[in-house]
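Contents: one structure, followed by commentary.
Number of protein chains: 2
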Amino acid sequence: MSGIRGCMIMRPWGYGIWQELQRILDAEIRRTGHENVYFPLFIPLSYIEKEAAHVEGFAREMAVVTHHRLEQKDGRLLPASPLREPLVVRPTSETVIGAAMAKWINSWRDLPLLLNQWANVVRWEMRPRIFLRTTEFLWQEGHTAHVDRQDAQQETRKMLAVYRNFLEDTLAIPVLSGAKPASERFPGAVDTLCVEAMMQDGKALQAGTSHYLGNNFAQAAGIRFTARDGEKHFVHTTSWGVTSRLIGALIMVHGDDNGLRVPPRVAPRHVVIVTASNADAALNAYADELCQRLCAIRFDAHRQIVGNVDRRDLRLGEKNWSWVKKGVPLIVNIGKRELENRTVSFSRRDRAPQEKINLASDLFVSQVQDMLDEIQQNYFNRASDFLAQHTQRGLSTYADFEQAYSNDVFPRPFLHVKWCGGEQCQAQAEKLAVTIRCIPFEQSDTAGRCIICAQAAKLDVVFAQSY
Amino acid sequence: MSGIRGCMIMRPWGYGIWQELQRILDAEIRRTGHENVYFPLFIPLSYIEKEAAHVEGFAREMAVVTHHRLEQKDGRLLPASPLREPLVVRPTSETVIGAAMAKWINSWRDLPLLLNQWANVVRWEMRPRIFLRTTEFLWQEGHTAHVDRQDAQQETRKMLAVYRNFLEDTLAIPVLSGAKPASERFPGAVDTLCVEAMMQDGKALQAGTSHYLGNNFAQAAGIRFTARDGEKHFVHTTSWGVTSRLIGALIMVHGDDNGLRVPPRVAPRHVVIVTASNADAALNAYADELCQRLCAIRFDAHRQIVGNVDRRDLRLGEKNWSWVKKGVPLIVNIGKRELENRTVSFSRRDRAPQEKINLASDLFVSQVQDMLDEIQQNYFNRASDFLAQHTQRGLSTYADFEQAYSNDVFPRPFLHVKWCGGEQCQAQAEKLAVTIRCIPFEQSDTAGRCIICAQAAKLDVVFAQSY
Chain S
3 MSGIRGCMIM RPWGYGIWQE LQRILDAEIR RTGHENVYFP LFIPLSYIEK
53 EAAHVEGFAR EMAVVTHHRL EQKDGRLLPA SPLREPLVVR PTSETVIGAA
103 MAKWINSWRD LPLLLNQWAN VVRWEMRPRI FLRTTEFLWQ EGHTAHVDRQ
153 DAQQETRKML AVYRNFLEDT LAIPVLSGAK PASERFPGAV DTLCVEAMMQ
203 DGKALQAGTS HYLGNNFAQA AGIRFTARDG EKHFVHTTSW GVTSRLIGAL
253 IMVHGDDNGL RVPPRVAPRH VVIVTASNAD AALNAYADEL CQRLCAIRFD
303 AHRQIVGNVD RRDLRLGEKN WSWVKKGVPL IVNIGKRELE NRTVSFSRRD
353 RAPQEKINLA SDLFVSQVQD MLDEIQQNYF NRASDFLAQH TQRGLSTYAD
403 FEQAYSNDVF PRPFLHVKWC GGEQCQAQAE KLAVTIRCIP FEQSDTAGRC
453 IICAQAAKLD VVFAQSY
Chain E
3 MSGIRGCMIM RPWGYGIWQE LQRILDAEIR RTGHENVYFP LFIPLSYIEK
53 EAAHVEGFAR EMAVVTHHRL EQKDGRLLPA SPLREPLVVR PTSETVIGAA
103 MAKWINSWRD LPLLLNQWAN VVRWEMRPRI FLRTTEFLWQ EGHTAHVDRQ
153 DAQQETRKML AVYRNFLEDT LAIPVLSGAK PASERFPGAV DTLCVEAMMQ
203 DGKALQAGTS HYLGNNFAQA AGIRFTARDG EKHFVHTTSW GVTSRLIGAL
253 IMVHGDDNGL RVPPRVAPRH VVIVTASNAD AALNAYADEL CQRLCAIRFD
303 AHRQIVGNVD RRDLRLGEKN WSWVKKGVPL IVNIGKRELE NRTVSFSRRD
353 RAPQEKINLA SDLFVSQVQD MLDEIQQNYF NRASDFLAQH TQRGLSTYAD
403 FEQAYSNDVF PRPFLHVKWC GGEQCQAQAE KLAVTIRCIP FEQSDTAGRC
453 IICAQAAKLD VVFAQSY
């Protein structure tokens, strides 16, 4: 965290992960037909006021710009020149993008309008937590407009699937997907879909959301189109986003006692070659040559393997640990013996750091791509096993529920159980700090009773404690 | 512009150019050893106050956040919950990054520290102008710390050279580079270097700056290191940046009566295939096949050729003009005749749009890369010729000076002339809205007289009107 309340500093390694993540997700968002735009940071109060539920949801957490100048007075710097209309620092951009859509959309030919932006947003946090809940965070926010409900809902499902694939394939984080109960919807949404991941304490982290906004924002901003039948209709809009909290998710899903473990697909570096501190010219040349050979190998469709030589004037062990802590997938040590034998001694971050493997350098070069793939897969498998182990199905009584979240149960479980649909049962669960994380798309057709109140159940849901 | 005072909306084509530009410049910034980071949007007043010249320079244009909540009152939304210490929305990040450097830097081993961030910044604009002077803009800001003046000054020169190459090679914009006179330095800088470009009205646009900050910010933030001799010293810092105004520069340097002309290296699309509106399946298949062949060709080290088929239900001419206006380098038309003969009819954006070239499609595919290179080069050559034509050297009297900027001279010229170094001569020039844009690095060693006051000259300088 920075010295500025609730705001974080992203240092090179963390920002490097964000940049890889952004590159990969951006390509996918564009591939699915969306175009990137950039809208203003500041939103006039008059825009915000237009959608009642939206105001209600965000009013308590908005940073407000009221002045546009500072003045020296009695040796202190004070705000001067008040604005006629205060501006809010965007907490999200439905209202400002809606105002533009109202100008840009005329006929059904202009639809669907598929926009996305990468931006910073601000939501004033009373209990900030690094990467997970910060006053300012980075995100992408998609905003789309459609001719009808069906097309818009299809979009929300499509983008949720993009998030799911991205989390699983790229970040190696298995997720549940489904809809939020009404009480957990985005302010102004008709329907909120989500992907939820399990952290190593068993708590759920909302990793991405996709909202069907109905006509709510279209009516607030006057986004209308002339349909094929010549009539004017309001568009149906969606919005969807993931944020820099994904870095927090990655740390909390894959980290171990030795620090971070970064899945190779988003690792800023795949391999670091650490030389002994008494390295001579021959050893340095060997390190450079190895690094060049590795970096000439294609990692995936988008980039080569990224590697570097660490020749800092520090002890070998100290250098190794600095990379273990950062979570670099492969750490290669070379000293006199490795040089003489043309071998490498390396450790894989998916195994114990003490476990050193010796290999002829040619073999290492020829196997490096497979090892990186294996590491990626191992992280995913481990997280999937963990999720499966700490997920309980078939519990049916409130006694079971209380037992599942009693103080001695760690990690906390995800419960796939039945719910009556009643808010009083949600309130009851919240006494144990447990909420309904999602209503899975696939619903069983068996009858059953609500785990909280034992009345006839309406829905299969997943309960969990959450961040 | 958006409905929000001084703030712009970047629509897909403009943002697409920014994204290409960012990708290429980012690679260069990283290649030269800098690491990306992200620092908070908000800066406490106490940080800003520490550097006197910095406050002085920015106080009049800072957006100030004073509240962190909104409240409904009498049907209106009003700021509530005042902050104990108001926050400024960053106009630039020397102070906040300096505070972090003070924590991160201990010894000479930690230097140089080479950071960069891509971010939005806010400077309240009284006379906003789209892309050139907006209240919020996007930029990259490099911030580095060094052991001594020499190393820091070398950094400012190196990054200015990166900007120069980037502008010339990638944006096809020729620039002058040099130092700013004292009156035009960045608030808090010891020395400001710049690259300046000539727009088509002959006015200068500052396209990038690189500042040597001496110990000013190091003293303000307490950034000290233990040198090899065991003594504590203040670091020497630099900062350097280019902004989204480069898109404005690109429009104003390369645009013609028909609209924008985008240099291929930053074009979001290189080629658009426009089909006749009565296209049948065979014609569509021909278009798709051609598009696929083009998009399989490597454009440069970083990307393939980007192309698409425009099959909108509009007249051919209307579709063509929409792409001419956007500045797509190559526009290909295919209709029945082209299909039958396996040819294409295309126009190059560096020539008149009416000039249609017919070519066998195989030939077009084999020549497309060369044509794109030619277009890139032609834009640069044209801009260079224009700069040369409207640059005057050797003028020596104030009468010459007045004549050069008299009302009937258009475009306005750049004057390479001599200056005494006196501020009163700068004030005199400003009466004609003319300023010293830069003091070129290469100084002639001939004596001479100031063009304004005819006293003995100290420096060769470039005068121009500017944006």
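One line per chain: the protein sequences are S and E, in this order.
3 is the number of the first residue of the first sequence in my numbering; add one for each residue after it.
3 is the number of the first residue of the second sequence in my numbering; add one for each residue after it.
Using N, Cα and C, we set each Cβ at its ideal position, and we do this for glycine too.
Discussion item. Determine whether the beta carbon atoms of P84 (chain S) and E63 (chain S) lie at a separation below 8 Å.
Written reply: Taking the first residue of the first sequence as position 1, residue 84 (chain S) is located at position 82. Taking the first residue of the first sequence as position 1, residue 63 (chain S) is located at position 61. No, the pair does not count as a contact, with Cβ atoms beyond the cut-off.
Discussion item. I need the boundaries of the alpha helix (DSSP H) containing H36 (chain S), first residue and last residue.
Written reply: Position 34 of the first sequence, counted from the start, is the residue given in the question as residue 36 (chain S). Taken as a continuous stretch (DSSP letters only), H36 (chain S) belongs to no alpha helix (DSSP H), as it is neither H nor E.
Fill in: Buried or exposed by the 16-neighbour rule on C-beta atoms within 10 Å, applied to E96 (chain S)
What you label residue 96 (chain S) is simply residue 94 of the first sequence in a count that begins at 1. So E96 (chain S) counts as buried.
Worksheet item: For R226 (chain E), which beta-bridge partners are listed by DSSP?
Response: Looking up residue 226 (chain E) in the second sequence gives position 224. R226 (chain E) pairs with E:F236.
Fill in: Continuous alpha helix (DSSP H) assignments of at least 4 residues falling wholly in the stretch 350-417 of chain S
363-391, 400-406
Worksheet item: Taking Cβ-Cβ distances below 8 Å as the criterion, which residues of the stretch 29-46 of chain S are in contact with chain E?
Response: E37, N38, V39, Y40, F41, P42, L43, F44, I45, P46
Fill in: Three-state secondary structure assigned by DSSP to K433 (chain S)
Position 431 of the first sequence, counted from the first residue, corresponds to residue 433 (chain S). K433 (chain S): coil per DSSP, three-state reduction.
Worksheet entry | Cβ-based burial, G224 (chain S) [other Cβ within 10 Å; buried from 16] | What you label residue 224 (chain S) is simply residue 222 of the first sequence in a count that begins at 1. Classification for G224 (chain S): exposed.
Discussion item. Does the stretch 120-138 of chain E come into contact with the stretch 41-49 of chain S, if we say contact requires no fewer than three beta-carbon pairs (one atom in each stretch) closer than 8 Å?
Written reply: yes
Fill in: Environment of N280 (chain S) [buried if 16+ CB atoms lie within 10 Å]
Translated into the one-based positions of the first sequence, residue 280 (chain S) becomes position 278. Its Cβ having fewer than 16 others within 10 Å, N280 (chain S) is exposed.
Worksheet item: Going by Cα to Cα distance, which pick from E:I307, E:H392, E:Q467 is closest to V436 (chain E)?
Response: Locating residue 436 (chain E) in the second sequence gives position 434, where the first residue counts as 1. Cα-wise, what sits closest to V436 (chain E) is E:Q467.
Practice prompt. Would you be able to state if there are at least three C-beta pairs under 8 Å between the stretch 427-443 of chain S and the stretch 176-192 of chain S?
Written response: yes
Worksheet item: Nearest-angstrom Cα distance between F60 (chain S) and R125 (chain S)?
Response: Numbered from its first residue, the first sequence carries residue 60 (chain S) at position 58. Numbered from its first residue, the first sequence carries residue 125 (chain S) at position 123. Going by the C-alpha atoms only, they are around 8 Å apart.
Worksheet item: What are the residues of the stretch 8-29 of chain E that lie near chain S, defined by any Cβ-Cβ distance shorter than 8 Å?
Response: C9, M10, I11, M12, R13, P14, Y17, G18, W20, Q21
Worksheet item: Is the beta carbon of A121 (chain E) sitting closer than 8 Å to the one on W106 (chain E)?
Response: For the purposes of this step, residue 121 (chain E) is taken as residue 119 along the second sequence, with counting starting at 1. For the purposes of this step, residue 106 (chain E) is taken as residue 104 along the second sequence, with counting starting at 1. The answer is no: Cβ separation not under 8 Å.
Worksheet item: Hey, is G5 (chain S)'s beta-carbon within less than 8 Å of any beta-carbon in chain E?
Response: On the first sequence, residue 5 (chain S) is found 3 positions in, with the first residue counted as 1. Output row for G5 (chain S): interface = yes.
Worksheet item: chain S beta carbons: is any one of them nearer than 8 Å to that of L296 (chain E)?
Response: Here the question's residue 296 (chain E) lines up with position 294 in the second sequence. Output row for L296 (chain E): interface = no.
Practice prompt. Could you work out which residues of chain E lie near E138 (chain S), taking near to mean beta carbons separated by less than 8 Å?
Written response: Taking the first residue of the first sequence as 1, we reach residue 138 (chain S) at position 136. Result: P42, L43, F44.
Worksheet item: For A55 (chain E) and chain S, any beta-carbon pair shorter than 8 Å?
Response: Stepping through the second sequence from its first residue, residue 55 (chain E) is reached at position 53. Chain S, which has no Cβ nearer than 8 Å to the Cβ of A55 (chain E), makes this no.
Worksheet entry | Complete runs of the beta strand (DSSP E) confined to the stretch 103-165 of chain E [at least 3 residues] | 115-124, 138-148
Worksheet item: Under a Cβ-count criterion, where at least 16 other Cβ atoms within 10 Å of its own Cβ denotes burial, should G35 (chain E) be classed as buried or exposed?
Response: Stepping through the second sequence from its first residue, residue 35 (chain E) is reached at position 33. It counts as exposed.
Worksheet item: Using DSSP with H/G/I as helix, E/B as strand and the rest coil, what is N335 (chain E)?
Response: To locate residue 335 (chain E), count along the second sequence from 1; it is residue 333. Three-state result, N335 (chain E): strand.
Worksheet entry | Chain-ordered chain S contacts of T228 (chain E) [CB-CB under 8 Å] | On the second sequence, residue 228 (chain E) is found 226 positions in, with the first residue counted as 1. The contacting residues do not exist; T228 (chain E) stays about 15 Å from chain S at best.
Worksheet item: chain B partners of W126 (chain E), CB-CB under 9 Å?
Response: Any reference to chain B falls outside this structure, whose protein chains are S and E.
Worksheet item: Can a CB atom of chain S be found closer than 8 Å to the CB of L51 (chain E)?
Response: Taking the second sequence and counting its residues from 1, the one referred to as residue 51 (chain E) is at position 49. Sequence inspection shows Glu at residue 51 (chain E); the Leu mentioned does not correspond to that position. Answer yes: the Cβ-Cβ gap between E51 (chain E) and chain S drops below 8 Å somewhere.
Worksheet entry | Span of the beta strand (DSSP E), counted from its first residue to its last, around S446 (chain S) | Taking the first sequence and counting its residues from 1, one reaches residue 446 (chain S) at position 444. Counting along the chain, S446 (chain S) falls outside any beta strand (DSSP E), and DSSP gives it neither H nor E.
Item to complete: Examine chain E for any beta-carbon lying closer than 8 Å to the beta-carbon of R313 (chain S), and answer yes or no.
Response: Taking the first sequence and counting its residues from 1, the one referred to as residue 313 (chain S) is at position 311. No - not a single Cβ of chain E is within 8 Å of the one on R313 (chain S).
Fill in: Where N269 (chain E) meets chain S, residues with beta-carbon distance less than 8 Å
To locate residue 269 (chain E), count along the second sequence from 1; it is residue 267. Note on identity: in this sequence residue 269 (chain E) is Ala, with Asn being the wrong assignment. Result: empty, since nearest Cβ-Cβ is about 15 Å, beyond 8 Å.
Fill in: Beta-bridge pairing of M200 (chain E) - partner residues as DSSP gives them
On the second sequence, position 198 is the one that residue 200 (chain E) refers to. According to DSSP, which records beta bridges pairwise, M200 (chain E) is partnered with E:A206.
Fill in: Simplified DSSP assignment, three categories, for P442 (chain E)
The residue given as residue 442 (chain E) occupies position 440 in the second sequence. Of the three classes helix, strand and coil, the one that applies to P442 (chain E) here is strand, per DSSP.
Discussion item. For I249 (chain E) and W20 (chain E), I'd like the C-alpha separation in whole angstroms.
Written reply: Working through the second sequence from its first residue, we reach residue 249 (chain E) at position 247. Working through the second sequence from its first residue, we reach residue 20 (chain E) at position 18. Approximately 7 Å, taken between the alpha carbons.
Worksheet item: I19 (chain E) by DSSP, collapsed to three states: which one?
Response: Walking along the second sequence from the start, residue 19 (chain E) turns up at place 17. Three-state DSSP puts I19 (chain E) in a helix.
Worksheet entry | Span of the beta strand (DSSP E) around L467 (chain E) | Residue mapping note: residue 467 (chain E) aligns to position 465 of the second sequence, counting from 1. The amino acid occupying residue 467 (chain E) in the given sequence is Gln; Leu does not appear at that position. Element bounds for Q467 (chain E): 461-467.
Worksheet item: From F236 (chain S) to R395 (chain S), what distance separates their C-alpha atoms?
Response: Walking along the first sequence from the start, residue 236 (chain S) turns up at place 234. Walking along the first sequence from the start, residue 395 (chain S) turns up at place 393. Distance between the alpha carbons of F236 (chain S) and R395 (chain S): 43 Å.
Discussion item. Below 8 Å on C-beta distance, what does V67 (chain S) contact in chain E?
Written reply: The sequence position of residue 67 (chain S) within the first sequence is 65, counting from 1. Those are A65, V66, V67, T68, V91, listed as they occur along chain E.
Discussion item. L169 (chain S) and A147 (chain S) - do their beta-carbons sit closer together than 8 Å?
Written reply: Walking along the first sequence from the start, residue 147 (chain S) turns up at place 145. Walking along the first sequence from the start, residue 169 (chain S) turns up at place 167. No.
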